[in-house]
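J.:
Residue numbers (the working numbering), protein chains in the order written: chain A, 91 to 241; chain B, 49 to 802.
(1) As an exercise, report each continuous beta strand (DSSP E) stretch of at least 3 residues that is fully enclosed by the region 279 to 341 of chain B, in chain order.
(2) According to DSSP, which residues form a beta bridge with residue 772 of chain B?
(3) Over the uninterrupted alpha helix (DSSP H) stretch that includes residue 186 of chain B, give me the two end residues.
(4) Are the CB atoms of residue 610 of chain B and residue 272 of chain B nearer to each other than 8 angstroms?
(5) Spell out a yes or no on whether the region 211 to 218 of chain B and the region 687 to 699 of chain B are touching, meaning 3 or more CB-CB pairs, one atom from each, closer than 8 angstroms.
(6) Cutting at 6 angstroms between CB atoms, please list the residues of its own chain near residue 381 of chain B, excluding the five before and the five after it.
(7) Please work out which residues of its chain come closer than 8 angstroms, Cβ to Cβ, to residue 782 of chain B, disregarding the five sequence neighbours upstream and downstream, and give them in chain order.
(8) Measuring CA to CA, which of B/654, B/176, B/76 is closest to residue 139 of chain B?
(9) Can you check whether the C-beta of residue 186 of chain A is within less than 8 angstroms of a C-beta belonging to chain B?
(10) Just to make sure I have the definition right: I need the residues of chain A whose C-beta is within less than 7 angstroms of the C-beta of residue 647 of chain B. Which are they?
(11) Taking only runs of the beta strand (DSSP E) that begin and end inside the region 443 to 483 of chain B, which ones reach a length of at least 3 residues, in chain order?
(12) Do we get a CB-CB distance below 8 angstroms when we pair residue 206 of chain B with the residues of chain A?
(13) Would you call the region 564 to 581 of chain B and the region 188 to 200 of chain B in contact, with 3 or more CB pairs under 8 angstroms?
(14) Can you tell me whether residue 69 of chain B is helix, strand or coil according to DSSP?
(15) Please list, in chain order, the residues of the region 731 to 751 of chain B that have any C-beta partner in chain A closer than 7 angstroms.
(16) For a test of the three-state rule: what should DSSP assign to residue 94 of chain A, helix, strand or coil?
(17) Check distances from the C-beta atoms of the region 516 to 530 of chain B to those of chain A and list, in chain order, the residues that come in under 8 angstroms.
(18) Does chain B have any CB closer than 8 angstroms to the CB of residue 190 of chain A?
(19) Return the first residue and the last residue of the beta strand (DSSP E) that residue 722 of chain B is part of.
(20) Would you list the one or two residues that DSSP bridges to residue 161 of chain A?
(21) What residue does the alpha helix (DSSP H) around residue 195 of chain B start on, and which one ends it?
(22) Does the ligand ATP have even one heavy atom less than 7 angstroms from the beta-carbon of residue 96 of chain B?
(23) What does residue 112 of chain A reach in chain B if we use C-beta pairs closer than 7 angstroms?
(24) According to DSSP, simplified to helix, strand and coil, what is residue 618 of chain B?
(25) Spatial neighbours of residue 149 of chain A within its chain, please: C-beta separation below 7 angstroms, excluding the five flanking residues on both sides.
(26) Using a beta-carbon distance below 8 angstroms, is residue 877 of chain B in contact with chain A?
(27) Do you know whose CA, among B/124, B/97, B/677, B/119, lies nearest residue 90 of chain B's CA?
(28) Counting only C-beta atoms, is residue 125 of chain A closer than 8 angstroms to chain B at any point?
(29) Go ahead and pull the three-state DSSP assignment for residue 683 of chain B.
(30) For residue 239 of chain B, I'd like the list of residues in its chain whose CB is within less than 8 angstroms of its CB, leaving aside the five on either flank, ordered along the chain.
(31) At which residues does the beta strand (DSSP E) containing residue 167 of chain A begin and terminate?
(32) Indicate the three-state DSSP secondary structure (helix, strand or coil) for residue 139 of chain B in the structure shown.
(33) For the region 780 to 796 of chain B, list every residue whose C-beta sits within 8 angstroms of some C-beta in chain A, in sequence order.
(34) Can you tell me which of the three DSSP states residue 358 of chain B falls into?
(35) How many Å lie between residue 667 of chain B and residue 627 of chain B at the Cα?
(36) Please report how far the alpha carbon of residue 327 of chain B lies from the alpha carbon of residue 340 of chain B, in whole angstroms.
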C-alpha cells in the first residue's frame, strides 16, 4: 500500500507542468517593409504618428489598435518622404492577418488611429522560424483604404 | 480641527478613567504549566472566564491579575492536550503560585479566539468559519511577512500582494482589499490604496493570526466584505526574553536558457538575508513591553525586484490599577523596493516589460522608497466586574517616494502620502454568565495626496471620513445553544454632497451536541466602499488608468452552515475536523476593466456575482502532538451573473496540506504542499497590453524544512537551527498576471532565545 501511495504521489508531482518558455528554439523572424507615398501629406496637427503595424487578427474598430500584444509595431516612420524601408527583427512566430501603415490622426494615442495603406496579398503573412519576409505597401493620402477592412 | 476630535475624546475619557483610580483589593495567581514529561508548555491558554485570561510565555509561565478573593476555577487548554480546570482558594491581596501538568491526548483545543465576536470565545464553539496560525507555525516557517503565513491556510489564495478568502477577491492590481486587517482588533488598512501592507508587521511578536472566512461587516464595517484577518500580538514575558534570528537564503537560477539570455543576473543564485531581534519583559506589576526589529535585504529573483526593508515595532503596556490598563502599539517600516509590475512575456519573464505605443512608453518596473508609521493605543477600564469599556485610537500613515535612476528621491510633488486616523469607543457588558453585550461607535478619516489622484478638479488631495455605530449580543440559550446577533451602521462621506451608508446585520447560531461536536449557522450582510485609489486614480505611467467618481459601494449577503467535530481515533491519534458550506451573493462588485470609449482601465461596478462552495479541514494529532498533519480542501463554484461566466482569477479547487514530524535525535521535519487549480477564466483586458498576461497554470508548491533545537545553559537558552527549501519542485507559476511567483529557494536560519 505504501509503495502504491508513494508511486501515486511521485507520478502526480512529476506530471505537474509549470510555466516554461513558449518556444524552446529561437523563434525570431524578420519583416522588412518598403513604403511608398503618394498624395498630399497631412498637416502637422493631423499627423501625430505613423507606424507599420502587423496584426495577428483583423481589426474591426479603432480600439483594436490598442491590442498591442497581438501586434508588431514599428518605430515611428519618417514624415514627408517619398519612400522608406524599415526592418523589424525579433518577431515571434505566427500569422499576421492584417498589415498596414497606421496613422494617428488625433491626440488620443489609444483611439485616434486608422490605416493609411495596406498589404492585402495572400490574406496576410506567416512568419516561421528565422523567416525574412519583405512587403511593399503603398500609401495614398488622397485615397485611404476602407476601415474596418473589407475581406 | 475635525481630525483632532477622536484624540480629544480619547484623552478626556482616559483622563476621567485615571482619575477614578479604584482601590486595589485584588490578588494575583501565577504559575507554570508543564507537559506530562515535565517540559514547560508555551502558549497554553489560561483563563478564568470569557473575559479574563492569558497565555503561558516561552518558559511556560503565566500570571493572572485582578483576581477576586475566594474560591476560583482556572482553566488551562492547549491544542493537543486535555483541558484542565483547577480550583483554588484565593486570599485577599496575595500572590498565589501554582504548578499544573497537562496530559496530551484529546484534540479539542479549547483555544481562546477573539475575532469572531469581538470577545473571547472557545474554539470549536465559534459560530463562523475561523482559522488560526500559531506563533509556533510562524517561527517554524521563518515567516517574516504576513502573506507568507496565509499561503498555508485553507480557503485563502494569495495573488502576490492581495489576499483572497474563499474567492471574494480576484486581482485588482493591489488596490482595494476585500479583507480587513486588524492588529489586536484595530484596523490597519492602507490609506492610499485601501490595501494590506503585508511586510510592515511585527511577525516575531504575533501570538496568533485569526482568519474569519466570510463577511465581517456587521462587526468591523466596510472592508470586511470577504473576511477579517486579526493579528493578536504577544503578551509581555514574565521573565525578560530576547530572541535573535538570522537567516540567509538564495533563489535558484531558472533552467531555461531563453529566460537567461536577456539578463545576466539570472545565471547565478540570487541571495537574500535578514535579521530579526525581539525582546519582551514585564517591569514590576505595572509595566511591560516588547520591541521587535527586523532587517531584510533581498536581491530578488527578477531583474527589477530587489528590496531592502527595515522595521521597528514596539508595544507598551501600563496597568494603572486593577481596573484600568493602557497598551500602545506603534512602529515604523522603511523600505526601498524595485517594484516589478509586469513581465516582458513568457519568453522573457524575468525582465520588466515596456508598453511602447504611439510615442508613449509605460514601464513595467518602478523604484520607490516607502515608509509606514503606525500608532495604535488602547485603553480599557472596568467600571464593575461585569462592565468595561475600551477606547481604541489609530493613526497610520504611509509615504511612497519614487527614486530616480541616480538613486535620488524624485521631487515631493511626485510623492504619494496617505494618513488614516480614527478612534473607537466600545463597551462590553456581561450581565450574566450566559449573556454578553457589546456596543460602540467609531470614527475614521483618510487623507491621500498623490499625483496619481489628480482629477478634473486639479486637486491631488482626497479624503473619505467614515462613521459607525455597532452592537453585538451573544446569549447562551442553554448549555448547548448559543445565539449571536449583531448590527452595524456605517456612513462614508464620499464627497461634499454624497454619503454612502449601510446597515449590516448578522445572526449566528451554534449548537453543541456534546464537547466534541458543534454545528453552526451564520447569516450576514457585508459591504465595502471603494477606496480613494479606486475612485481617483488617474495615470498612464504604467497602464492607462482613468478615475471613476461614480463608483458605488459593493455589497454582499452570505450564508453558511458548518460543523466542528473533535474525536479520538485511537490511543495516540486524535482528529479535529471542520466542514462548512457557504453561499455568498455580491452586488456591484468593483473590478478593473478596460473601457474602450476611454481607451483606459477603470474601476467600475461591474457585476452581480455568486460564490458558493464547500470547505473541509482535517487536523490529526499523533502521539500527543509529536506529529501533526493538516489537510484542507476548498471547492468554489463562482459565477459572474451579469456575464453568465466564471469570475476571473478564481481557482475552483484549492488544497493545502502540511505535516510536522518529530524525528530521531531531536530533529523536527516539516513539509507543506498546496494546490490551486488553473483559474477557469482570466482577465483578457490586461493581456491586450502585456504580452502573455493571460498565461496561468495550476499551482503546485512544496515547502520543506528540518530543524534541531539545542538547550543551552541548563535550559536558560534555546538554540534552534533550521534548513528550508521552498518551492522544492522548482515549479514555475503565476499568482497574478504577468508576474512569476517565487522559484525554488534555499535558506538556513539560526535562532537563539534567552
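Positions of the beta carbon are idealized from the N, C-alpha and C atoms, including for glycine.
T.: Short version:
(1) 289 to 299, 318 to 331
(2) B/753, B/795
(3) 183 to 188
(4) no
(5) The region 211 to 218 of chain B, when compared against the region 687 to 699 of chain B, does touch it at the 8 angstroms Cβ threshold.
(6) 248, 359, 420
(7) 743, 744, 745, 788, 789
(8) B/76
(9) no
(10) 153, 156, 198, 200, 201
(11) 464 to 480
(12) no
(13) no
(14) Legend: pLDDT at residue 69 of chain B = 41, less than 50; position of this residue unreliable, value from coordinates given subsequently. Here residue 69 of chain B sits in coil by DSSP.
(15) Flagged, chain order: 735, 736, 737, 738, 739, 743, 745, 748.
(16) helix
(17) none
(18) no
(19) For residue 722 of chain B, the enclosing beta strand (DSSP E) begins and ends at 715 to 724.
(20) Its beta-bridge partners are A/145.
(21) Its alpha helix (DSSP H) spans residues 194 to 198.
(22) In terms of ligand content, the structure shown is empty, and the ligand ATP therefore cannot be addressed.
(23) 394, 395
(24) coil
(25) 155, 188, 238
(26) With chain B represented from 49 up to 802, any question about residue 877 of chain B goes unanswered, as that position is not in the structure.
(27) B/124
(28) no
(29) strand
(30) Counting only Cβ-Cβ distances below 8 angstroms, and skipping sequence neighbours, we find 444, 445, 446, 466, 467, 468, 494, 495, 496, 580.
(31) Run containing residue 167 of chain A: none; DSSP gives neither H nor E here.
(32) coil
(33) Those residues of the region 780 to 796 of chain B placed with their C-beta closer than 8 angstroms to a C-beta in chain A are 780, 781, 782, 788, ordered along the chain.
(34) Reduced to three states, the DSSP call for residue 358 of chain B is strand.
(35) 12 angstroms
(36) 7 angstroms
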